[in-house]
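Take a look at the structure set out below.
There are 2 protein chains.
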Amino acid sequence: MSAILPHDIRQAHARIRDHVRRTPVLSSSRLSAMAGAELFFKCENFQTTGAFKARGATNAVLMLTDDEARRGVATHSSGNHAAALAWAARRRGIAATVVMPRTASPVKIAAVESYGGRILFCEPNHKAREEAADRVVRETGATLVHPYNDPRVIAGQGTVALELFEDVQGLDLVVCPVGGGGLLAGTSVIVRSQPTPVRVFAGEPEGAADASLSLTSGIRQPVEHPSSIADGLLAYIGDLTFPIIKENVEAIATVSDQEIIAAVRRLFGVMKIAVEPSGAVAYAAVAGGKLPVAGKRVGIILSGGNLDLERVLG
Amino acid sequence: MSAILPHDIRQAHARIRDHVRRTPVLSSSRLSAMAGAELFFKCENFQTTGAFKARGATNAVLMLTDDEARRGVATHSSGNHAAALAWAARRRGIAATVVMPRTASPVKIAAVESYGGRILFCEPNHKAREEAADRVVRETGATLVHPYNDPRVIAGQGTVALELFEDVQGLDLVVCPVGGGGLLAGTSVIVRSQPTPVRVFAGEPEGAADASLSLTSGIRQPVEHPSSIADGLLAYIGDLTFPIIKENVEAIATVSDQEIIAAVRRLFGVMKIAVEPSGAVAYAAVAGGKLPVAGKRVGIILSGGNLDLERVLG
Numbered sequence: 488m489s490a491i492l493p494h495d496i497r498q499a500h501a502r503i504r505d506h507v508r509r510t511p512v513l514s515s516s517r518l519s520a521m522a523g524a525e526l527f528f529k530c531e532n533f534q535t536t537g538a539f540k541a542r543g544a545t546n547a548v549l550m551l552t553d554d555e556a557r558r559g560v561a562t563h564s565s566g567n568h569a570a571a572l573a574w575a576a577r578r579r580g581i582a583a584t585v586v587m588p589r590t591a592s593p594v595k596i597a598a599v600e601s602y603g604g605r606i607l608f609c610e611p612n613h614k615a616r617e618e619a620a621d622r623v624v625r626e627t628g629a630t631l632v633h634p635y636n637d638p639r640v641i642a643g644q645g646t647v648a649l650e651l652f653e654d655v656q657g658l659d660l661v662v663c664p665v666g667g668g669g670l671l672a673g674t675s676v677i678v679r680s681q682p683t684p685v686r687v688f689a690g691e692p693e694g695a696a697d698a699s700l701s702l703t704s705g706i707r708q709p710v711e712h713p714s715s716i717a718d719g720l721l722a723y724i725g726d727l728t729f730p731i732i733k734e735n736v737e738a739i740a741t742v743s744d745q746e747i748i749a750a751v752r753r754l755f756g757v758m759k760i761a762v763e764p765s766g767a768v769a770y771a772a773v774a775g776g777k778l779p780v781a782g783k784r785v786g787i788i789l790s791g792g793n794l795d796l797e798r799v800l801g
Numbered sequence: 488m489s490a491i492l493p494h495d496i497r498q499a500h501a502r503i504r505d506h507v508r509r510t511p512v513l514s515s516s517r518l519s520a521m522a523g524a525e526l527f528f529k530c531e532n533f534q535t536t537g538a539f540k541a542r543g544a545t546n547a548v549l550m551l552t553d554d555e556a557r558r559g560v561a562t563h564s565s566g567n568h569a570a571a572l573a574w575a576a577r578r579r580g581i582a583a584t585v586v587m588p589r590t591a592s593p594v595k596i597a598a599v600e601s602y603g604g605r606i607l608f609c610e611p612n613h614k615a616r617e618e619a620a621d622r623v624v625r626e627t628g629a630t631l632v633h634p635y636n637d638p639r640v641i642a643g644q645g646t647v648a649l650e651l652f653e654d655v656q657g658l659d660l661v662v663c664p665v666g667g668g669g670l671l672a673g674t675s676v677i678v679r680s681q682p683t684p685v686r687v688f689a690g691e692p693e694g695a696a697d698a699s700l701s702l703t704s705g706i707r708q709p710v711e712h713p714s715s716i717a718d719g720l721l722a723y724i725g726d727l728t729f730p731i732i733k734e735n736v737e738a739i740a741t742v743s744d745q746e747i748i749a750a751v752r753r754l755f756g757v758m759k760i761a762v763e764p765s766g767a768v769a770y771a772a773v774a775g776g777k778l779p780v781a782g783k784r785v786g787i788i789l790s791g792g793n794l795d796l797e798r799v800l801g
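If you read the sequences in order, they're chains W and H. With positions in the first sequence counted from 1, the corresponding number in our numbering is that position plus 487. With positions in the second sequence counted from 1, the corresponding number in our numbering is that position plus 487.
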């Protein structure tokens, strides 16, 4: 049985709904025709702070006791979770310290600063990030809000799918991006709790395909030097998120950076919306013909919109 | 009295509403805070064909008799009206011939082609455009659907404001871009028909400020060599649109190309939406502090989203 229940996600939704944005579900007859399916895009690129991460971070911050809250929160993140936690912390009037890789996108660094978060830069690898965050927790007594391996965060991220099913009837399958697995785990719990069977798939960058490898082999498998233009999806699948994903998710399709960029450009050119590379990975998997969507009603999560224009064009 | 009545616009809405998209009104707490006003963006960048032009073109095409329809339609346009007319004609199963300046944006040329329109290229000046279109009309018997100086088109464009007032209560003022004046004329008729007083302003590129000059002097005044990154707003204010604008519009603020590009980038960076330079001119006027918006509820029309990424960044 999952560590996260649909009930936890519904409670999270009640807790955060007045704080975050209910994002629209958009569709495009042109993109649907190209995919040979009916596509419904859940636009978390329009979410406060520019990504779904505001949901999990807000849920975690609101669940702190007053005593915990007084000592602040800390995390490590390539950017969107960092910005979201800084934003959620400021709304509660508490301090947030975030450890970011020094290679993080300038847009994301600027966002954390704009929300008043304190930034500590570290080397761009998993170990350096976790160690630096642990040090902050030891020194300040802050509560660590992990970007994905945290039940409060997973429950918050699951609210995306909750709204998607409220707004669109009769979905046959749902496609979600996967990095550390917080969004996918929460999504999969909601998908599998629907009264009728709905299939759940994910998209993952080829250069950071640890979740795909892990799902195939059944055992968590790191990728040594993950690399992709989808900078939000380089994290290693969590030991809390993986069992949930393994139980619920049918398959994870991998996509190349070229396919991701093509998806970003098409969402921009046709739908007139900004979606960052990490946020376009689920659509890239559909557009690349890698999932059994033909003739189906397909929910696609566009997870974030913090796009560096120059980076995608360069 | 206006040549266009609110009643004409309501009839146009009833005629076109099943054909075009009801676009959303979006807001951003960050952009509102920056402007010191409550901003409501009517997102015609999400309209079918990527711009509000689908409304006027559809209204004109649907008003043709069967006999007229058989001989097709023709127009001249820098692009968005051309694409819209080709699209509307194809929906009715009739031919569309469009005269485009050979300097038109490649995105817009591709759009006309994708909707099956026949394109004739001409020199990029007003006289060459009108002459080429007149020739097509003489040779084919097609009905000319002028991009703005046509009551059917003006009535169609006015439906944007109709929806804006349905969706947002208590607006104090409305800001609209102006080129040839079709959208502004239709908008102004709806604004002035509201039960409570609402002010109507426009934004215009500095390099093509004929509408601003004309409104100030009270007499239509062409600008010799209009030039701006807002390629949809280079047209000369019409002899049909100008009297309506003169009667209803309080002032037209001019904005530099630099201010327009800053507006496009900010709408993209903060709101995650693609708005083309011409479509961002009304917001540029507000963001540039050129209109009396402080503390007010302000409706801003974002008129199109057919953005050449490279051109804005270059």
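Think of the CB as a built atom: it goes at the ideal place given N, C-alpha and C, for glycine as much as any other residue.
{"Item": "Candidates W:A501, W:Q708 and W:S565: which alpha carbon is nearest Y635 of chain W's?", "Value": "W:S565"}
{"Item": "Just to confirm, are A772 of chain H and G690 of chain H a CB contact at a threshold of 8 Å?", "Value": "yes"}
{"Item": "Mind checking which residues open and close the alpha helix (DSSP H) that includes I724 of chain H?", "Value": "It is not in any alpha helix (DSSP H) - I724 of chain H carries neither H nor E in the DSSP assignment."}
{"Item": "Is it buried or exposed, N793 of chain W, if we count other Cβ atoms within 10 angstroms and call 16 or more buried?", "Value": "buried"}
{"Item": "Look at the alpha carbon of Q534 of chain W and the alpha carbon of A769 of chain W, and state the distance between them as a whole number of angstroms.", "Value": "17 Å"}
{"Item": "Can you look up I716 of chain H in the DSSP assignment and give me helix, strand or coil?", "Value": "coil"}
{"Item": "Whose C-alpha, out of H:G667, H:F688, H:P692 and H:L660, is nearest the C-alpha of Q681 of chain H?", "Value": "H:L660"}
{"Item": "Run through the DSSP bridge pairs and tell me what I606 of chain H is partnered with.", "Value": "H:V585"}
{"Item": "Taking 8 Å as the cut-off, decide whether the C-beta atoms of A767 of chain H and I788 of chain H are in contact.", "Value": "no"}
{"Item": "Counting only beta-carbon atoms, is G782 of chain H nearer than 8 Å to chain W?", "Value": "no"}
{"Item": "Checking the sheet assignment: what are the DSSP bridge partners for G690 of chain W?", "Value": "W:P664 and W:A740"}
{"Item": "G801 of chain W to T630 of chain H, Cα distance in whole Å?", "Value": "Annotation note: pLDDT 46 at G801 of chain W (below 50); position unreliable, no value reported."}
{"Item": "Who are the neighbours of P511 of chain H on chain W, taking C-beta pairs under 8 Å?", "Value": "P511"}
{"Item": "Is it buried or exposed, I491 of chain H, if we count other Cβ atoms within 10 angstroms and call 16 or more buried?", "Value": "buried"}
{"Item": "Can you give me, in chain order, the residues of the stretch 741–768 of chain H that have a beta carbon less than 7 Å from any beta carbon in chain W?", "Value": "F755, K759, I760 and A761"}
{"Item": "Would DSSP call R579 of chain H helix, strand or coil?", "Value": "helix"}
{"Item": "Starting from the C-beta of S675 of chain W, find all residues in its chain whose C-beta is less than 7 Å away, skip the five residues before and the five after it, and write them out in chain order.", "Value": "V687, I731, I732, N735 and V736"}
{"Item": "Determine contact between the stretch 697–712 of chain W and the stretch 648–663 of chain W, defined as no fewer than three beta-carbon pairs at a distance below 8 Å.", "Value": "no"}
{"Item": "Tell me which residues of the stretch 524–556 of chain W have at least one Cβ-Cβ distance to chain H shorter than 9 Å, keeping chain order.", "Value": "C530, N532, F533, T535 and G537"}
{"Item": "By Cβ distance below 6 Å, which residues in the same chain neighbour K777 of chain W in space, the five residues on each side in sequence not counted?", "Value": "A740"}
{"Item": "Short of 8 Å in beta carbon distance, which residues of its chain neighbour R557 of chain H, apart from the five on each side in sequence? Order them along the chain.", "Value": "I581"}
{"Item": "For the alpha helix (DSSP H) holding K614 of chain H, just list the boundary residues, first then last.", "Value": "H613 to T627"}
{"Item": "Rounded to whole angstroms, what's the CA-CA distance from M488 of chain H to I496 of chain H? Just pull it up for me.", "Value": "Here M488 of chain H scores only 45 on pLDDT, less than 50, and its place in the model should not be relied on; the value that follows carries that caveat. So the alpha carbons of these two residues sit roughly 15 Å apart."}
{"Item": "Is there a Cβ from chain H that is less than 8 Å from the Cβ of G580 of chain W?", "Value": "no"}
{"Item": "Going by other Cβ atoms of all chains shown within 10 Å of its Cβ, with 16 needed for buried, is K614 of chain W buried or exposed?", "Value": "exposed"}
{"Item": "What does G792 of chain H reach in chain W if we use C-beta pairs closer than 7 Å?", "Value": "K759"}
{"Item": "What are the residues that DSSP puts in a beta bridge with I867 of chain H?", "Value": "In the structure as shown, chain H begins at 488 and stops at 801. Residue 867 of chain H is therefore absent and cannot be evaluated."}
{"Item": "Just how far apart, CA to CA, sit R807 of chain W and G559 of chain W?", "Value": "Past the boundaries of the shown model lies residue 807 of chain W; chain W is included only from 488 to 801, so the question cannot be answered."}
{"Item": "Can you list, in chain order, the residues of its chain whose CB lies under 8 Å from that of P593 of chain H, leaving out five sequence neighbours each side?", "Value": "D795"}
{"Item": "Mapping the DSSP letters down to three states, classify T552 of chain H as helix, strand or coil.", "Value": "coil"}
{"Item": "By DSSP's criteria, V512 of chain H is part of a beta bridge. Which residues make up the other side?", "Value": "H:K529"}
{"Item": "Three or more beta-carbon pairs under 8 Å between the stretch 543–555 of chain H and the stretch 510–524 of chain H, yes or no?", "Value": "no"}
{"Item": "Compare the C-alpha of D637 of chain W against each of W:A591, W:T728 and W:P588 and name the closest.", "Value": "W:T728"}
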